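Everything on this sheet refers to the single structure shown next.
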Amino acid sequence: MPSPPMQQKVSKYARGGCANIADAGSLQQERTRLFIDILPAANVLSRKVVHNDQRRGIFMKTDVQIAQEAKMLPIMDVAKNLGIGEDELELYGKYKAKVSLDVLKRLENKPNGKLVLVTAINPTPAGEGKTTTNVGLSMGLNKIGKKTITALREPSLGPCFGVKGGAAGGGYAQVVPMDDINLHFTGDFHAITSAHNLLAALLDNHLHQGNELNIDPKRVVWRRVLDMNDRALRNLVLGLGGKGDGFVRQGGFDITVASEIMAILCLADSLSDLKNRLSRMVVAYDRDGKAVTAGDLEATGAMTLLLKDAIKPNLVQTLENTPAFIHGGPFANIAHGCNSVMATKVALKLADYVVTEAGFGADLGAEKFFDIKCRFAGLHPDAAVIVATVRALKMHGGVAKHELSFENLDALAKGFENIERHIENVAKFGVPVVVAINKFPTDTEAEINLLREKCSVYGVEVVLSEVFTKGGEGGVDLAKKVVEICESKESHYAPLYDVEGTIPEKITKIATEIYRADSVEFTPEAKKQISNIKKLGLDKMPICMAKTQYSFSDNPSLLGAPTGFKVTVREVRVSAGAGFLVALTGEIMTMPGLPKVPAANGMDITEDGEIIGLS
């Protein structure tokens, strides 16, 4: 092993999967430098050599460098290998395409493949690598002869230009073309932004033109959206100027991925379902307290028209040409954090295995995947993979970031309580589990053995993953274990709670059984909102908890597996079109801000097309 000073210089090489909507500042990417005496040379393709502390080191190629050297297949060939016909494909250049919804009609009688969820522990600055594991597992499954598709969310421009970077995997477990996926892609987010803001414009125009629906201007709940981090737009006064400049009222912007239309696009299972959901969206309340919907404003048809292409799944590929559906992108701490139902359903008809993910830790993403997405779509997940790193677990055990490279079995045992709770929680949904450990060069044999020993108590196996540096080959062991689980263990998936329960009952069920809170406290404002929602007959819907991703609690500083806390619900919002109620806790914001030094400051493109700084 290297000396302690050199250990401290090891950067993470397993990509974290976090997309914090409020403050991603603690999760800056630092994964490019790997030293030759720590990581085996066979695992690294060097780009240039530098000197550091009198020791010879190397730089691993950046994600964008690896992606730009990928040997991609024409997307027509990827589609053909899946059994998708030319008339079912809409090309967006040579390497991207949209898939017609007619595929589902054609294959409606074909049995579904196996559905595997990739989730994780609560994210830390040490990194976990959920998306990277998702991509690597799908490539590993193909390597062992299982026809597999990976299904992911689309990245948001806000985090991409802010701190987090993109969301296309990392190292040698990426989806490509990475730069297109992380930027404009096929224009889905622009279509959602346009549809959302069209509704906002129609609403304000209605107020200006006489307000026939008797809307209370102080109870307008539909804000505008932009797919960018811009704190200056959070709170605005609209309509300033002369008489012809609109009705003066308070408003503001959310980020596009926080739009209810984003959630709707990802939950709709047909164009007609999309239209019905859009029509049900509550945009305001009238002076009698009655909900005013997008349908009341006669906005549904035009919004659907703007979304007619966005509803179709996007087909791309991994670095090893494994097919990838990347579609939709709701955040996981204010929405349900899963890729679209349409993409998942199409993939299940085309593949033996579909590997999908849900945002953040299992307390948010997996819970919403099981309780919202699977419930609505009638999906039956066959297995779940919980991703962790030894480093992250030690951080949950109280170790400072700069000391994570040193063996610390006591801290690891303490931090294990975090993944232990996630294992118990996934079991409550009846889905078999395997733990994937993204391997770091500084992980010791004693630390890995400790994790194996502790997981065995729950009948759960630990598999090491090296997909970041080895691609699909580094995911073969995990792939074999996933297949073994799917073939030998029966999934007894069931949601956690009954939607017919009261709003407080459902929220309390999640908070006490998944987060392990002692109780839930509702603010006076939240109680009033719950009462109004019940009067409107909108209370019999699933709950979408808006909570920090860093902790089981609503306090981001409580790492590990905290106990003795209560969860405070400060607001309950209606997402009638999406079909769920959003319970806001803590300091969750729907329009993030940029850090002091945004990632955008380091991005560029050269005359010959080389992209710099995108990750």
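To convert, count from 1 in the sequence shown and add 224; that's this note's numbering. Here a beta-carbon is modelled for each residue, glycine too, at the ideal position from N, C-alpha and C. Note that this is a predicted model, so its numbers are computed, not measured.
Worksheet entry | Separation of G683 from H420, as counted between CA atoms | Residue 420 sits at position 196 when you count from the first residue of the sequence shown. Residue 683 sits at position 459 when you count from the first residue of the sequence shown. The straight-line gap from Cα to Cα measures roughly 47 Å.
Worksheet entry | Assigned secondary structure, S689 (DSSP; H/G/I helix, E/B strand, else coil) | In the sequence shown, the residue the question calls residue 689 occupies position 465. In this structure, S689 counts as strand in the three-state DSSP scheme.
Worksheet item: Is it the case that the Cβ atoms of N346 and S775 are separated by a distance below 8 Å?
Response: Walking along the sequence shown from the start, residue 346 turns up at place 122. Walking along the sequence shown from the start, residue 775 turns up at place 551. Yes, the Cβ-Cβ distance between N346 and S775 is below 8 Å.
Practice prompt. Excluding the 5 residues preceding and the 5 following A718 in the sequence, name in chain order all residues of the same chain whose CB lies nearer than 7 Å to its CB.
Written response: Within the sequence shown, the letter at position 494 stands for residue 718. F653, G654.
Worksheet item: Between the C-alpha atoms of S270 and T830, what's the straight-line distance to the nearest angstrom?
Response: For the purposes of this step, residue 270 is taken as the residue at position 46 of the sequence shown. For the purposes of this step, residue 830 is taken as the residue at position 606 of the sequence shown. Low confidence applies here, because S270 scores a pLDDT of 28, under 50, leaving its location unreliable and the question unanswered by this model.
Worksheet item: What is the DSSP secondary structure of L339, reduced to helix, strand or coil?
Response: Within the sequence shown, the letter at position 115 stands for residue 339. Strand, per DSSP.
Worksheet item: Are I558 and A770 closer than 8 Å when you measure CB to CB?
Response: Taking the sequence shown and counting its residues from 1, one reaches residue 558 at position 334. Taking the sequence shown and counting its residues from 1, one reaches residue 770 at position 546. Their beta carbons are under 8 Å apart, which means I558 touches A770 by this criterion.
Worksheet item: Rounded to the nearest angstrom, how far is the Cβ of L808 from that of S799, given a contact under 8 Å?
Response: As a working note, residue 808 is residue 584 in the sequence shown. As a working note, residue 799 is residue 575 in the sequence shown. That belief does not hold up - the Cβ atoms of L808 and S799 are roughly 12 Å apart, past 8 Å.
Discussion item. When you compare the stretch 555–572 with the stretch 363–377, are there three or more beta-carbon pairs, one atom per stretch, that lie closer than 8 Å?
Written reply: yes
Worksheet item: Is any heavy atom of the ligand NAP found at a distance shorter than 7 Å from the C-beta of A482?
Response: Within the structure as shown, the ligand NAP is missing, as the structure has no ligands at all.
Worksheet item: Given that a residue counts as buried once 16 or more other Cβ atoms are within 10 Å of its Cβ, and exposed if not, what is K758?
Response: Your numbering for residue 758 matches position 534 in the sequence shown. Exposed, since its Cβ has fewer than 16 Cβ neighbours within 10 Å.
Practice prompt. Just confirm the distance between the C-beta atoms of G801 and L339, as a whole number of angstroms; I'd bet it's less than 8 Å.
Written response: Here residue 801 is taken as the residue at index 577 of the sequence shown, counted from 1. Here residue 339 is taken as the residue at index 115 of the sequence shown, counted from 1. Going by Cβ atoms, the distance from G801 to L339 rounds to 25 Å, so no, they are not a contact pair.
Discussion item. My output table needs one value for P441: the three-state DSSP class, helix, strand or coil.
Written reply: Here residue 441 refers to the residue found at position 217 of the sequence shown. Reduced to three states, the DSSP call for P441 is strand.
Worksheet item: According to the Cβ coordinates, are G840 and A391 closer than 8 Å?
Response: The chain is shown from 225 up to 839; residue 840 falls before or after that span and cannot be answered.
Fill in: Endpoints, the alpha helix (DSSP H) within which E737 is located
Position 513 of the sequence shown, counted from the start, is the residue given in the question as residue 737. Start and end: 727–737.
Discussion item. Going by DSSP in three states, D478 sits in which element: helix, strand or coil?
Written reply: For the purposes of this step, residue 478 is taken as the residue at position 254 of the sequence shown. Reduced to three states, the DSSP call for D478 is strand.
Worksheet item: If we ignore side chains and look at the alpha-carbon of each, how far apart do R279 and G386 end up?
Response: Within the sequence shown, numbered from 1, the residue matching residue 279 stands at position 55. Within the sequence shown, numbered from 1, the residue matching residue 386 stands at position 162. For R279, the predicted model reports a pLDDT of 34, less than 50, meaning its position is unreliable; a value from the coordinates is still stated below. Cα to Cα, R279 sits roughly 33 Å from G386.
Discussion item. Does the stretch 406–422 come into contact with the stretch 480–497, if we say contact requires no fewer than three beta-carbon pairs (one atom in each stretch) closer than 8 Å?
Written reply: yes
Worksheet entry | Cβ pair count under 8 Å reaching 3, the stretch 487–505 against the stretch 431–438 | no
Item to complete: Pick out the complete beta strand (DSSP E) segments inside the stretch 620–702, 3 residues or longer, and give them in chain order.
Response: 657–662, 686–689
Practice prompt. Just mark T357 as buried or exposed, buried being the case when its beta carbon has 16 or more other beta carbons within 10 Å.
Written response: Counting from one through the sequence shown, the residue named residue 357 turns up at place 133. The residue is buried, with at least 16 neighbouring Cβ atoms inside 10 Å.
Worksheet item: Relative to the alpha-carbon of D587, which residue among V687, R794, A523, H646 has its alpha-carbon at the smallest distance?
Response: Within the sequence shown, the letter at position 363 stands for residue 587. Of the candidates V687, R794, A523, H646, the one whose C-alpha sits nearest the C-alpha of D587 is H646.
Worksheet item: Just the Cα atoms here: how many angstroms apart are V273 and L341?
Response: Translated into positions along the sequence shown, residue 273 becomes position 49. Translated into positions along the sequence shown, residue 341 becomes position 117. Low confidence applies here, because V273 scores a pLDDT of 30, under 50, leaving its location unreliable; read the following figure in that light. Between V273 and L341, the C-alpha separation is close to 39 Å.
Practice prompt. Along the alpha helix (DSSP H) that carries K499, what are the first and last residues, could you check?
Written response: Against the sequence shown, residue 499 aligns to sequence position 275. Residues 495–504.
Discussion item. Less than 8 Å between the C-beta atoms of K592 and A582, yes or no?
Written reply: The residue labelled residue 592 in the question sits at position 368 within the sequence shown. The residue labelled residue 582 in the question sits at position 358 within the sequence shown. Result yes, Cβ atoms of K592 and A582 sit closer than 8 Å.
Discussion item. Classify R447: buried if its beta carbon has 16 or more other beta carbons within 10 angstroms, exposed otherwise.
Written reply: For the purposes of this step, residue 447 is taken as residue 223 along the sequence shown, with counting starting at 1. Classification for R447: buried.
Worksheet item: With a CB to CB cut of under 6 Å and the five nearest residues on each side skipped, what residues in its chain are close to Y319?
Response: Residue numbering aside, residue 319 sits at position 95 when the sequence shown is read from its first letter. M296, I299, P401.
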